[in-house]
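Beneath this line is the structure, given in structure tokens, with notes to follow.
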Amino acid sequence: MQITSPAFKENARGALADPQLQRALGHVRSGFIDKRKVAVDALPEFDALRESARAIKDHTLTHLDLYLEAYERKVEEAGGRVHWAETAEDARAIILDICRASGARTVTKGKSMITEEIGLNAFLEKEGIRPVETDLGEYIIQLRNEHPSHIIAPAVHLNRDQVETDFRHAHTHLPEERDLSEPVALLGEAREVLRSQFLAADVGITGANFLVAETGSSVIVTNEGNGDLTQTLPKVHVVVASIEKVVPTLEDLSQILRLLARSATGQEMSVYTTLSTGSRRPNDPDGPEEYHVVLIDNGRSAMLGTEFQEMLRCIRCGACMNHCPVYHAVGGHAYGWVYPGPMGAVLTPALAGLDKAGHLPNASTFCGRCEAVCPMKIPLPKMMRHWREREFERALNPAVDRYGIKVWAMFARRPRLYRLATSLAMPALALVGRRKGAFRRLPLASGWTQYRDLPAPEGRTFMQQWRDRSVSGGAEI
Amino acid sequence: MNGRTAVLNKLRAALGVARDDEARTQAVAWRLAETPTGVVPARGRLPEKDRVALFCEKARQVSASVERVASIDDVPGAVSAYLRARNLPASVRMGTDARLKAMPWQTAGSLKVEPGPAGPQDEAGVSFAFAGIAETGTVLLYSGEANPTTVNFLPEHHIVAVDASDIAGDLEAALSAIRQAFGKGTMPRTLNLITGPSRSADIEQTLLLGAHGPRALHLIVIDGS
Amino acid sequence: MQESRRVGLFVTCLVDLFRPSVGFASVKLLEDAGYEVEVPMAQTCCGQPAYNSGDRADTADIARVTIETFEEYDFIVAPSGSCAGMLKKHYPSLFKGDPQWETRAAAFSEKVYELVSFLVDVAGVESVAATHRGTVTYHDSCSGLRELGIARQPRKLLGTVAGLKLEEMKDPDVCCGFGGTFCVKYPEISNKMVEEKTANIRASSAGTLLAGDLGCLMNMAGKLRREEADIKVRHVAEVLAGMDEGPAIGRERG
């Protein structure tokens, strides 16, 4: 997809001025935070599980090559095939080959962020194959020709009335006078429309929340059941997964599953957790005849062994963005690529380039709420700061910012000089601001005073006053 | 160079390790063989009676309906009553599970049993769960002739019988039962862990039951076998 | 054996420049708790503006000056969760692998505390001798809350101020949108965040807003003033020290 992260500031301004979006973003705040808290508080072992999950992923990442090989062996034993893709382009070509070999015209898709990352839908369409998104949120945004604005709630930027308009526009075979005023009617309509797609599809493509090395299983975690219909009904099932999804054993899977749903939606378990292992067995009355797994690197291996390795623990629960005040303010599209919010602010520079995504790790107050709720204990603010460091090293940030910091640091390193400058400046500023106590406008401070007053200093600095108090008759520096 | 070699080489270079590092190979082999258990919540560690009660409570919390029957012979009657109460046709889709087959379906009036995998026209399907999981009110089913996967997803109503003695306290216990049944490292094609009926909150974060999977999940817990 | 009681006060640059009265309130609270307070002259800023802008080299230079200046004290106390968090949690990471400074930074950081949590957790202060007639609400500044676990301590001491009623606002633990340079780099987003915050503050019906970090306080005070809200804004130390007679932050004298 086209990356618009370089225009983050403009995107954000647009988002803030969009009343529909602002109304919809209210649902993020009300829909996720309290439910997560209830679920987390109800499980005394939650923090111990976070530690356990972190250790599992850290171990797996340092042995990633070996676990992927073990996983591959098991998939093949179960009659499946594993394909390896270094890049998004390789992955698209592999998937196209599989579709072509089965003569596919229509593919159904379960919700998957990795297929967004590799731009699969646009590519398949160009090649004459029709991708049909079956997750309700994904279906809605596909109708609108948009991209997800949230990794687990793709249509969270929309309101019910917008969905109604889209459905009336797309489902012209249905009676115009039908009542779609309730969300449940919209859900029912999507169910009816997509049923025939499930049955007609030649290939079903899903992502994977996890891959289990012990058994060669791919795991999807969903609520709607669309992922299961996608992978059960067509004769070919293609699992598309990035390489860091692997966990060693079923026990390890169990640990992380307990964190995933609670952190994402506040459920103790999502409705459907499904482990798929290989193709249809001799006596199976249903299930796919072919089972393929496309393992994608696309920039992950370059994060391994760096200060960004810990990001590869991410299980895509969305808790960081659900709790992020910046995400609440601007929504997911402003971030300009596949992954929004704090996890996107760390991941996007790694996968799409710091030169394009430099704004994202800067647009954070480091409030730390993301790290506090991250089930995998990923130090997101720390990694955003690492991106800022790389930006500074490579002089990618604006010259005026760099110059400002350098000048300020020059003073901050030299206490006497700093003392002298501040003891002259602050009383002067205080004098100007004395009558009103604050400035409505101030030269060089428009970034501040555009939206808020700047409180005036009280007068002489603390250090000036303290010196007077402690050294009787002492002169200032 | 093919993709496989390229990706694996990149990983090893990034990690600074050699292909044949003995200690790493052993660490991985050990973990895969020994499958160490992590943190298991105390919640499910209960005597059977309380475990079954927790299972029922948790399943109800996620909007499944639950009823308990004394014996396997009571299941057809319960299914029949469930359908009648909801004005559904007296017909169910069902696999070849021996436990289901052994039930006295002829006693349940005019109830019609359709064998085989489910199709889009089926209103109700019946499965027999491999296990239940008390900590979350989850049922565990696996693919095959006995309980086809389509029965779990296509019908509007999914009715699942589960033997009280098959209800495990926690996820690890249920998965280790699968490991026992199929052998270490071997899995059925599809393993479904189902926790309540299907749902979506994709429109305005309003939770609605009945998305693409069943609108209703009815659990029949068989106590006395 | 004599108990170690020498505190070096890290005033913080914002308190030094904008609100010296918070510094004097801090000194009073520490002296009342039985500590000998010194204010070394060679202090400037903790270095966060450089650190959060990715300028590690300048940050380390500033950190070295701070450590040299303060390492002789038994405790280093700052009236700010953000600056104390910088000194305590981030300084050591600046010197990873530097044989001399890594150890020095670690020893220094051990002794760093934020003012109010120091009073409660280290000094064992149970109550303060202050009076404040009116309803206040307390904002949990992010660094103090999430890096240093400060939430209970200020509420505990506020509970002992005569005449004071604490009315919690909705989401007291959500960021006010200050974020250092963030508020001027992304002013529209920052504004949206502080608008949410002031709406919650106003809805709490408190007459006074308190917090432990001057950056956040100046942001919220500036916004409340722009909105012409009749809510006074003060650093929590001013109220705890009974030194809340002067003009509130961003308010005219008299």
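Chains as they are written, first to last, in the numbering used here: chain A, 4 to 480; chain B, 1322 to 1546; chain C, 114 to 367. Glycine is no exception: its CB is placed at the ideal position from the N, C-alpha and C atoms.
Residue i - DSSP class collapsed to helix/strand/coil
| i | result |
| --- | --- |
| P458/A | strand |
| V243/A | strand |
| Y342/A | coil |
| P205/C | helix |
| K269/C | helix |
| Y74/A | helix |
| V385/C | Beyond the ends of chain C as shown, which are 114 and 367, falls residue 385/C; an answer cannot be given. |
| F126/A | helix |
| H1478/B | strand |
| E394/A | helix |
| K481/A | Because residue 481/A is not part of the residues shown, which for chain A are 4 to 480, the question remains open. |
| T172/C | helix |
| G477/A | With a pLDDT of 41 at G477/A, under the threshold of 50, the modelled position of this residue cannot be trusted; read the value that follows with caution. Coil at G477/A, not helix or strand. |
| Y186/C | coil |
| F481/A | Past the edges of chain A, shown from 4 to 480, lies residue 481/A, and the structure says nothing about it. |
Enclosing alpha helix (DSSP H) for residue i [first to last residue]
| i | result |
| --- | --- |
| G1453/B | Unbroken run through G1453/B is the beta strand (DSSP E), 1452 to 1454; no alpha helix (DSSP H). |
| F221/C | 212 to 223 |
| L64/A | 49 to 65 |
| N313/C | 300 to 316 |
| L142/C | 133 to 145 |
| S486/A | Coverage of chain A is limited to positions 4 through 480, which leaves residue 486/A absent and any answer about it impossible. |
| M1415/B | That residue, M1415/B, is in no alpha helix (DSSP H); its beta strand (DSSP E) goes 1412 to 1415. |
| N14/A | 11 to 19 |
| P418/A | 418 to 436 |
| S1497/B | 1492 to 1503 |
N- and C-terminal bounds of the beta strand (DSSP E) containing residue i
| i | result |
| --- | --- |
| K336/C | Unbroken run through K336/C is the alpha helix (DSSP H), 327 to 339; no beta strand (DSSP E). |
| R347/C | 345 to 348 |
| I36/A | Segment 22 to 44 is the alpha helix (DSSP H) holding I36/A; no beta strand (DSSP E) there. |
| H86/A | 84 to 88 |
| L1540/B | 1537 to 1543 |
| E149/C | 149 to 151 |
| L315/A | Unbroken run through L315/A: none, as it is neither H nor E. |
| N226/A | Where N226/A is concerned, there is no enclosing beta strand (DSSP E), given that its DSSP letter is neither H nor E. |
| T276/A | 275 to 279 |
| V296/A | 293 to 299 |
| I1515/B | 1511 to 1515 |
Backbone CA spacing between residue i and residue j [nearest angstrom]
| i | j | result |
| --- | --- | --- |
| L1367/B | L1492/B | 14 Å |
| G334/A | C377/A | 19 Å |
| A138/C | S8/A | 45 Å |
| L24/A | P251/A | 41 Å |
| A1494/B | A1485/B | 15 Å |
| A332/A | E309/C | 9 Å |
| F1376/B | Q270/A | 15 Å |
| L197/A | L258/C | 47 Å |
| E144/C | C159/C | 23 Å |
| A1354/B | R284/A | 25 Å |
| I180/C | A220/C | 10 Å |
| Y142/A | L330/C | 45 Å |
| K1379/B | G325/C | 43 Å |
| A342/C | K385/A | 36 Å |
| I344/C | A312/C | 12 Å |
| R1333/B | A1339/B | 6 Å |
| K12/A | S152/A | 17 Å |
Mind listing, in chain order, the continuous beta strand (DSSP E) runs of no fewer than 3 residues lying wholly within the stretch 146 to 222 of chain A? 206 to 209, 213 to 215
Which ranges would you report for the alpha helix (DSSP H) in the stretch 363 to 388 of chain A if only whole runs of at least 4 residues count? 372 to 376
Positions along the stretch 1509 to 1524 of chain B whose CB lies within less than 8 Å of some CB in chain A: P1509, R1510, T1511, L1512, N1513, L1514, I1515, T1516, G1517, P1518, S1519, R1520, S1521, A1522, D1523, I1524
Counting only runs of 3+ residues fully inside the stretch 1337 to 1397 of chain B, write out the beta strand (DSSP E) ranges in chain order. 1386 to 1390
For the stretch 21 to 37 of chain A, which residues have a CB atom closer than 8 Å to at least one CB atom of chain B, in sequence order? A27, H30, V31, S33, G34, F35
Compile a chain-ordered list of the residues in the stretch 118 to 132 of chain C whose CB is closer than 7 Å to at least one CB of chain A. V124, V128, D129, L130, F131, R132
Give, in chain order, every residue of the stretch 180 to 212 of chain C whose Cβ lies closer than 7 Å to some Cβ of chain A. none
Pull out every residue of the stretch 319 to 352 of chain A whose Cβ sits closer than 7 Å to any Cβ of chain C, in chain order. P328, V329, A332, V333
Near-chain B residues of the stretch 149 to 167 of chain A (beta-carbon distance less than 9 Å), N- to C-terminal order: A156, P157, A158, V159, L161, N162, R163, V166
Taking a Cβ distance cut-off of 7 Å, strictly less, list which residues of the stretch 104 to 120 of chain A are near chain C, in chain order. none
Within 7 Å of chain A by C-beta, residues of the stretch 330 to 347 of chain C in sequence order: M331, N332, A334, G335, K336, R338, R339
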